[in-house]
Structures are given as C-alpha cells and as structure tokens.
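Beneath this line is the structure, given in structure tokens, with notes to follow.
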Amino acid sequence: MRPESILQALSETRPQLLDDARETAAAKPKAMRPLRRIAIAAAVVALLVSAVYAGSNLIPAKVPATELHNPGGFNMAWQTKTARRTMDDGWVFSFVQYTNKDGDDSNLCRYNFFGVNLRYRFDDAYRMVEWHEQDDPNPKVQQYDEYLRNPAGSGDNASLYVPGRLNWGEGSAAQRRDAEKIAAILTNDKEPEDLLALDPADYEFETIDKELFFGLMREALTSEAHEERTDLNYWEHQPVDVLVEPEWTDGYRFQIGFLMSSGCVDELFIDVLYRTGEGYADYVQLSDLVEDGTASPEQREAWALIQSVVEQIKETDYFLARTDLYRDKTVSGIDFNRLLHVMTDLNEGRKDDAYRERILQ
7 MRPESILQAL
17 SETRPQLLDD
27 ARETAAAKPK
37 AMRPLRRIAI
47 AAAVVALLVS
57 AVYAGSNLIP
67 AKVPATELHN
77 PGGFNMAWQT
87 KTARRTMDDG
97 WVFSFVQYTN
107 KDGDDSNLCR
117 YNFFGVNLRY
127 RFDDAYRMVE
137 WHEQDDPNPK
147 VQQYDEYLRN
157 PAGSGDNASL
167 YVPGRLNWGE
177 GSAAQRRDAE
187 KIAAILTNDK
197 EPEDLLALDP
207 ADYEFETIDK
217 ELFFGLMREA
227 LTSEAHEERT
237 DLNYWEHQPV
247 DVLVEPEWTD
257 GYRFQIGFLM
267 SSGCVDELFI
277 DVLYRTGEGY
287 ADYVQLSDLV
297 EDGTASPEQR
307 EAWALIQSVV
317 EQIKETDYFL
327 ARTDLYRDKT
337 VSGIDFNRLL
347 HVMTDLNEGR
357 KDDAYRERIL
367 Q
C-alpha cells in the first residue's frame with residue numbers, strides 16, 4: 007500500500023489520531039472533534055502484507071476469517087465482526103468488532119461505530135474552515151458555523167473546506183456529543199459480554215436512534231467473523247470511500263460509494279450526477295429523479311441496469327462482476343463504458359486519488 011494512501015486513510019478515517027499527534031507540539035484550537043472509533047487496521051496491515059507479497063498472483067476467492075492460512079492467499083492475523091444498516095437516504099451505519107486470531111487484542115482498537123452517507127456527498131452543516139499556522143504543513147480545521155462565531159483561523163490563510171463525504175458525528179454539535187457518548191461506551195477495557203449486558207434504557211442520544219446503535223452492537227458481537235477475500239488489490243482500498251469521475255463529460259459524472267471489510271464489498275451505491283450549474287453542488291442525481299417520479303423511461307432503464315450491476319458486485323465481492331450487462335452500452339445518453347473504466351480501476355487497485363474531489367474555496 008502506498009504511504010500516501012495510508013496518510014489519506016488516517017486523515018479520513020481516524021482524524022483524531024492525527025490531531026493527538028499534533029497536540030503534542032501545540033495546543034489545538036477549538037475545532038470539531040470527529041468520530042474517533044473508525045479503525046485503520048486494514049490500511050496498516052495492508053501495507054505490511056503488500057510489502058511481503060508484492061507481485062504475488064492471488065486467487066480472488068473468499069475464505070472464512072477464522073482460517074489463518076488462506077488458500078492461494080496470505081496470512082492475516084486479525085479479523086472483524088461487522089453489522090451494517092442501510093437507510094433510504096444513503097446513510098449506512100456500522101458496528102465493527104476487531105479481534106486478533108491469536109486471542110491477544112491488546113494492540114487493537116476493539117470496537118467501532120460509525121455512519122457514512124454513500125448517496126449524498128454535500129450538506130452545508132458539514133462544511134469546515136481549514137488553515138495552516140505559520141509553516142505547519144498539517145492543516146487545522148474548524149466547523150464553519152463555529153468559525154463564524156469564534157474564528158480561530160486568520161485572514162487569507164483560512165479557506166472554506168467542503169469534505170468529500172458526509173460522516174456521522176461531524177455535522178453538528180449534537181452529533182459530536184452523541185459520538186462522544188458512544189466513544190465512552192466502546193472503550194477497549196470492555197469485553198463483549200460487558201457491552202451485551204448494557205441496558206439501552208440507561209442511555210439517551212440526540213441525533214441517532216439508540217435502538218439502531220445497540221441493535222447493531224448486539225448483531226456484530228454475536229455474529230461470525232467476516233469472510234476474507236484473497237485478492238490484495240481489494241485490501242488496498244480504504245474501508246470507506248465515495249468517489250466521483252474527475253471531469254464532467256457530456257454533462258454528467260458517475261459517483262461510486264462503498265464500504266469494505268476484509269477485502270469484501272459490503273455495501274455499494276452507484277449514481278449518475280447531472281450538472282446544472284458551475285458550483286460544486288450544482289447537480290441533480292439520477293436516484294432522486296427516479297425516486298421523485300421525474301425520470302424519463304430511458305433514465306429509469308439506466309437506473310435499473312445500475313441496480314443490477316450493484317447487486318452482482320455485492321453478491322460476488324467483485325468489482326467487475328457481470329460486465330457483460332453493461333459493456334459497450336449507452337442508455338439515456340449514459341455511456342456505461344465510463345462506469346466500466348472506474349470499476350476496472352477499482353478491481354486492479356489503481357490509485358483512487360483521481361476519483362476523490364477536494365474542494366477549497
């Protein structure tokens with residue numbers, strides 16, 4: 007795994023780790039405290055594994071996570087138990103337990119609860135301000151509404167930063183309070199039996215259904231370990247990502263959001279964005295047109311094709327599943343070879359940075 011990919015994964019999935027490192031040198035200004043429990047073990051382990059097995063030809067198969075030696079694959083010391091819940095508005099909430107196969111979990115962040123939106127990328131409540139202090143190359147961030155009340159950045163050095171995806175816990179002060187409550191529950195010193203014994207009646211949250219949280223926790227902790235895919239290219243991907251074609255071509259772009267665990271594609275959302283203006287959020291989504299009944303018959307046909315592709319990929323954990331369904335097809339003016347190009351890049355583990363949109367204003 008490339009070092010820059012690890013840094014990207016650190017910055018997007020465990021920003022608190024980076025914040026803690028920076029705080030050793032200087033006090034951090036009043037800034038948003040992101041959700042802290044998204045584990046980065048996959049990125050770190052993938053680096054070690056890829057260094058040893060670079061150039062290996064692996065069979066793209068799946069095996070039970072309890073097997074230390076994956077046939078045709080590689081040794082993986084840790085495993086996950088995962089439960090997810092997908093909402094109609096694109097939010098996916100996940101609870102993950104990380105365990106080492108040798109039984110020693112002392113070096114792991116054992117539990118994680120997080121939410122990400124795979125359908126919608128922008129919401130004004132999630133905007134932030136980013137700036138650099140003197141020659142410090144590491145940016146500092148502060149939620150935009152907090153910046154307006156109490157600016158910590160200075161002058162022209164501050165820029166409006168629009169995150170490339172929506173992470174639950176970063177949209178409001180109430181979300182951050184809920185995230186802190188959950189972080190206080192999911193401490194490493196608790197055993198699964200301790201968490202299963204908790205009574206939801208003893209807890210209240212402001213922005214999330216507590217039955218959703220405790221239900222996912224119970225489901226994950228009592229489930230079997232997640233299966234593992236033996237293709238290192240799939241372990242290279244970030245566990246959470248929302249990607250978009252870098253350019254508007256013929257007035258539209260494909261958007262792909264996914265959640266992965268142990269090299270498997272757990273959740274996937276593919277959409278088409280139609281440009282309506284020059285702003286970063288000036289577009290309409292094919293999924294919305296279909297949902298509100300304004301899509302043309304041809305657009306509904308294109309959406310049905312996309313859903314078939316999504317189901318095949320999730321069923322097989324293979325980004326190039328059933329390419330025969332859409333290769334060389336154009337439906338409602340949508341060239342599906344462009345989708346094939348993106349999925350080929352994902353399958354081959356090519357650099358994802360070209361598909362991540364970074365917006366500074």
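The working numbering applies: residue 7 is where the sequence shown begins, and numbers increase by one. All residues carry an ideal CB built from backbone N, CA and C; glycine is no exception.
**Q.** Inter-residue spacing [alpha-carbon to alpha-carbon] between Y240 and T92
**A.** Approximately 22 Å, taken between the alpha carbons.
Q. Under the three-state reduction of DSSP, which class applies to R235: helix, strand or coil?
A. strand
Q | Test item: CB-CB of L279 and R306 under 7 Å | A | no
Q | Local conformation of S165 per DSSP, three classes | A | strand
(Q) Quick check: the region 252-269 against the region 217-230, are at least 3 beta-carbon pairs closer than 8 Å? (A) no
Q: Return helix, strand or coil for N343, following the three-state DSSP convention.
A: helix
Q: State yes or no: is the C-beta of R378 within less than 7 Å of the C-beta of V168?
A: With the chain covering only 7 through 367, there is no way to say anything about residue 378.
Q: Would you give the residue range spanned by the alpha helix (DSSP H) that E307 belongs to?
A: Counting along the chain, the alpha helix (DSSP H) containing E307 begins and ends at P303 to T322.
Q. Chain E beta carbons: is any one of them nearer than 7 Å to that of Q149?
A. The structure shown contains no chain E; it holds only a single protein chain.
Q) Helix, strand or coil: which one does DSSP assign to I214? A) coil
Q.
Can you check which of these residues, I340, V337, R364 and R328, is closest to T350 by C-alpha distance?
A. R328
Q: State the beta-bridge partners of D194 as determined by DSSP.
A: Correcting the residue type first, residue 194 is Asn in the shown sequence and not Asp. In the DSSP assignment, N194 forms no beta bridge with any residue.
Q. Is K146 buried or exposed, if buried means 16 or more other CB atoms sit within 10 Å of its CB?
A. buried
Q) For H371, does the count of other Cβ atoms within 10 angstroms reach 16, so buried, or fall short, so exposed? A) The structure shown has nothing for residue 371, since the chain only spans 7 to 367.
Q) Are the beta-carbon atoms belonging to V290 and D323 less than 7 Å from one another? A) no
Q: Give the straight-line distance between the Cα atoms of A32 and N144, rounded to the nearest whole angstrom.
A: Because A32 carries a pLDDT of 35, less than 50, the predicted location of this residue cannot be relied on, and no value is offered for it.
Q: For D247, count neighbouring Cβ atoms within 10 angstroms of its own Cβ and tell me buried if that reaches 16, exposed if not.
A: Burial call: buried.
(Q) Please report the distance separating the alpha-carbon of P198 from that of L227. (A) 6 Å
Q.
Just to check my reading of the structure: E273 and R125 have Cβ atoms closer than 8 Å, yes? What is that Cβ distance to the nearest angstrom?
A. 11 Å between Cβ atoms; not a contact.
Q: Report, in whole angstroms, the separation of the C-beta atoms of A180 and E139, which I expect to be a contact under 8 Å.
A: Their Cβ separation, rounded to whole angstroms, is 29 Å, which puts A180 and E139 out of contact at 8 Å.
Q: Flag this pair as yes or no: are the beta carbons of W174 and G121 separated by less than 7 Å?
A: yes
Q: Would you mind reading off the limits of the beta strand (DSSP E) that contains E273?
A: C270 to R281
Q: Could you tell me the boundaries of the beta strand (DSSP E) in which S267 lies?
A: Y258 to S267
Q. Taking C-beta to C-beta, are N343 and F325 nearer than 7 Å?
A. no
**Q.** With 16 other Cβ atoms within 10 Å as the buried cut-off, status of D184
**A.** buried
Q. Mind checking R182: buried by the 16 CB within 10 Å criterion, or exposed?
A. With at least 16 other beta carbons inside 10 angstroms of its own, R182 counts as buried.
Q) Can you tell me whether DSSP reads G221 as helix, strand or coil? A) helix
Q: Look up R182 in the DSSP assignment and say whether it is helix, strand or coil.
A: It is helical.
Q: Using only alpha-carbon positions, find the residue among E321, T86, D141 and A207 that is nearest to G109.
A: T86
Q.
Using the three-state DSSP reduction, which class does A89 fall into: helix, strand or coil?
A. Three-state DSSP puts A89 in a strand.
Q.
Could you tell me the alpha carbon to alpha carbon distance between A131 and N81, rounded to whole angstroms?
A. 43 Å
Q: Using beta-carbon positions only, say whether H232 and M266 come within less than 7 Å of one another.
A: No, they are not a contact pair.
Q: Note down the Cα distance separating K196 from S302, rounded to an integer number of angstroms.
A: 53 Å
Q.
Cutting at 7 Å between CB atoms, please list the residues of its own chain near A360, excluding the five before and the five after it.
A. Answer for A360: P252, listed in chain order.
Q: Grab me the residues of I276's own chain with a C-beta within less than 6 Å of its C-beta, minus the 5 sequence neighbours each way, in chain order.
A: I262, I312 and V316
Q) Which of helix, strand or coil does DSSP assign to T300? A) coil
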